Every structure is written in structure tokens, then in C-alpha cells.
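K.L.:
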Amino acid sequence: MSVDWDKTINEILAGTLACQACEALGDEMVVGYTRSTEAAEFAARCQDCTDKTDCDARKLVVVCESCAGRYRVNGQLMTEAGWMGVQLDECRRNLEESLDYLSTYWKEEAEIEFADMSRKLEEVDPDTFREEDGWRARMEEEYLRIHRWFRDHNVRVPDAGWRSQYVEDVVALGYTSRLGD
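Residue numbering for the sequence shown follows our numbering, starting at 618 and increasing by one per position.
1. Per DSSP, Q693 is paired with what?
2. Hey, is the region 658–665 in contact with the region 726–733, meaning 3+ C-beta pairs nearer than 8 angstroms?
3. Mapping DSSP to helix, strand and coil, what is A685?
4. So what's I626 in DSSP terms, helix, strand or just coil?
5. Among the residues of its own chain, which have a CB less than 8 angstroms from the CB of L716, if the five just before and after it don't count?
6. Using a threshold of 9 angstroms, state whether the C-beta atoms of R773 and L796 are closer than that.
7. At a Cβ threshold of 9 angstroms, is W700 touching chain D?
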């Protein structure tokens, strides 16, 4: 008889969380935010950052209770489903902020002529548009990955109607979305 060790290990660890800081395993971990500069070394969204030395950005992390104190995490104990729900909410917030930026916020940051304010970002500053659109694409991929987790685990997606509203907002701005049509 042959044993599929990958499948066996995955079944044993199903529902188990790993502390992002020390890799301890548990059924519940503290999920929350920290501005600790040291947390940039393990926070998921900080993995692609090039300079983590003075990062005081708000970071979403999942850590054991011991590390929560060390990194001053403002959070609460959660299971894997709770952690996935928090990630989904965070991803949604980032997607909404990206749409807000594409529709109007960029006009407040850029040095543009008043006459150009009626134009779209991609017409005024194509490089900035490509960067923001790339960020939105990565967030949409992350959303789909998290959404698949809920489906694979037969867990109800929180606020399932959000996705269709988001897609309508994207289409109304004249863009496309990986989340549907």
C-alpha cells in the first residue's frame, strides 16, 4: 500500500494556522494589525517591499499570543475561517481604495492642469495608471484566491453581494475586472 504523504499531511494540518513570526502552529491565532517595523519581515503584504527598515505602515498579521505581545498586535484570537474573513475584508478595502484612486483621488495628488481634471488617469499619466492598474489586478487575484478558499471549505462567503457591486463600479468607470462581468 502506498501513502500519499502530501495529502495525509494536508489533512492533518487542515484548519491549523501558523504564526507568521515564529511559525508556531495552532487552531487559533491572534489576527490583527500592527505598526511594528519588525513585523515588515513577516507580514504577507510586506514580502515585496524593498526597504523594510523604517516601515510604520499598518500591517495585517496572524501571530501566536506570545508574538502578539512582542509585536504589539491589536487583534483577537481567530480560527482559520476568521483569518480568511479578515483577509477578504482587507482585500475588499484595498480594491475599493484602488477604484477611488482611479476615479478621483489621483487628481488630488498629481500636478495637473484644471482642464485635465475631466480626463482619465491613463490619458494624463499612463505610467501611474499602469502601476495602479497592476496593483488592482494583484488585489483581484488575491480576492479570487481567498474566495476559492471559502468555496473549497464549504464556508459561506461573508457579504457575498459585494463582488457584484464592485464589478458594476469597475465597469461604470470603463475598466474590466477579473471578478466577473
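Glycine included, C-beta positions come from ideal geometry on N, C-alpha and C. Note that the structure is predicted; figures quoted are calculated from it, not measured.
P.N.:
In short, the structure shows the following:
1. Under the DSSP definition of a beta bridge, Q693 partners with V648.
2. By the C-beta criterion, the region 658–665 is judged not to be in contact with the region 726–733, since fewer than 3 inter-stretch pairs fall below 8 angstroms.
3. A685 sits in a helix when the DSSP states are folded into three classes.
4. Reliability of the predicted coordinates at I626 is poor, the pLDDT of 49 falling under 50, and the value obtained from them is presented with this limitation in mind. Look at I626 here: in three-state DSSP terms it is helix.
5. Cβ neighbours of L716 beyond the five flanking positions: R753, Y783, D786, V787 and L790.
6. No. Outside cutoff.
7. Although the question refers to chain D, the structure presented lacks it and comprises just one protein chain.
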